[in-house]
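A.B. asks: To start, I am sharing the structure in question, which I have written as structure tokens.
Residue numbers (the numbering used here): 86 to 258.
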């Protein structure tokens, strides 16, 4: 019975972690955490069709930033895939990281580069009210920083989370 409770606790930590990231970083459209493949996917939605030149510039800067982070903090490299998919005037931007752990610093790097390149085009929840919840945001950031997701101990194979209408939805695919 005790082992089941520990397992449920770990599983709910993964879900809570994803929810906290989405609440704390409103620009992220969706997150996907695939335990079996050791991959974490950030998705952003842009309200324009992204041309190839701007995409390649973005990709280069993102890879340089993540490479510097990996060199300093991870002492090795992680496979990163950056891709775009166009939909009738919109672009879905996906950053897939092969990782052993994920940190708030890594999330901030990805989000900063996306914001620097596409701030006016990012489709995100309205953030005017975020200052009202500053204390909650600080708590979420502390929670995110305190946790790293342990792939080998998580039972959930593929967790998908997204934000819509001010709510965060989490699915175990």
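Think of the CB as a built atom: it goes at the ideal place given N, C-alpha and C, for glycine as much as any other residue.
Remember, it's a predicted structure, so these values are computed and weren't measured experimentally.
1) Which residue wins for smallest C-alpha separation from residue 131, given the options 184, 117, 168, 146?
2) Taking all protein chains shown into account, do 16 or more other C-beta atoms lie within 10 angstroms of the C-beta of residue 144, making it buried, or fewer, making it exposed?
3) Counting only the same chain and skipping the five closest in sequence on each side, list residues whose C-beta sits under 7 Å from that of residue 210.
4) For the region 125 to 203, which segments carrying the beta strand (DSSP E) assignment without a break, of at least 3 residues, lie completely within its bounds, in sequence order?
5) Distance check for residue 189 and residue 204, CA to CA, integer angstroms please.
6) Ignore the nearest five residues each way along the sequence and tell me which others in residue 148's own chain have a CB closer than 7 Å to its CB.
7) Can you tell me whether DSSP reads residue 104 as helix, strand or coil?
8) For residue 109, count neighbouring C-beta atoms within 10 Å of its own C-beta (all shown protein chains included) and say buried if the count is 16 or more, exposed if not.
9) In whole angstroms, give me the CA-to-CA distance for residue 122 and residue 172.
10) Name the DSSP beta bridge partners of residue 256, please?
11) Residue 51: which of 118, 113, 257, 114 sits nearest, CA to CA?
12) If I'm right that residue 129 touches residue 178 with Cβ under 8 Å, what's the distance once you round it to whole angstroms?
13) When you compare each of 104, 102, 155, 170 to residue 195 by their alpha carbons, which one comes out closest?
14) How many angstroms separate the CA atom of residue 157 from the CA atom of residue 254?
C.D. replies: Checking against the coordinates, here is how it stands:
1) Along the chain shown, one-based indexing puts residue 131 at 46. The option with the nearest alpha carbon to residue 131 is 168.
2) Locating residue 144 in the chain shown gives position 59, counting from the first residue. Buried: at least 16 other Cβ atoms inside 10 Å.
3) Counting from one through the chain shown, the residue named residue 210 turns up at place 125. The residues are 111, 248, 251.
4) 165 to 172, 175 to 183
5) In the chain shown, the residue the question calls residue 204 occupies position 119. In the chain shown, the residue the question calls residue 189 occupies position 104. When rounded, the distance between both Cα atoms is 20 Å.
6) As a working note, residue 148 is residue 63 in the chain shown. So the qualifying residues of the chain are 165.
7) The residue labelled residue 104 in the question sits at position 19 within the chain shown. Reduced to three states, the DSSP call for residue 104 is helix.
8) Here residue 109 refers to the residue found at position 24 of the chain shown. By the neighbour-count rule (16 or more Cβ atoms within 10 Å), residue 109 is buried.
9) By 1-based counting over the chain shown, the position of residue 122 is 37. By 1-based counting over the chain shown, the position of residue 172 is 87. When rounded, the distance between both Cα atoms is 27 Å.
10) The residue you call residue 256 lines up with position 171 of the chain shown. According to DSSP, residue 256 bridges with 245.
11) In the structure as shown, the chain begins at 86 and stops at 258. Residue 51 is therefore absent and cannot be evaluated.
12) Reading the chain shown from its first residue, position 44 is the one you call residue 129. Reading the chain shown from its first residue, position 93 is the one you call residue 178. Rounded to the nearest angstrom, the Cβ distance from residue 129 to residue 178 is 4 Å, consistent with a contact under 8 Å.
13) As a first step, residue 195 must be located in the chain shown, where it is residue number 110. With distances taken between Cα atoms, residue 195 lies closest to 155.
14) Locating residue 157 in the chain shown gives position 72, counting from the first residue. Locating residue 254 in the chain shown gives position 169, counting from the first residue. Cα to Cα, the separation comes out at about 34 Å.
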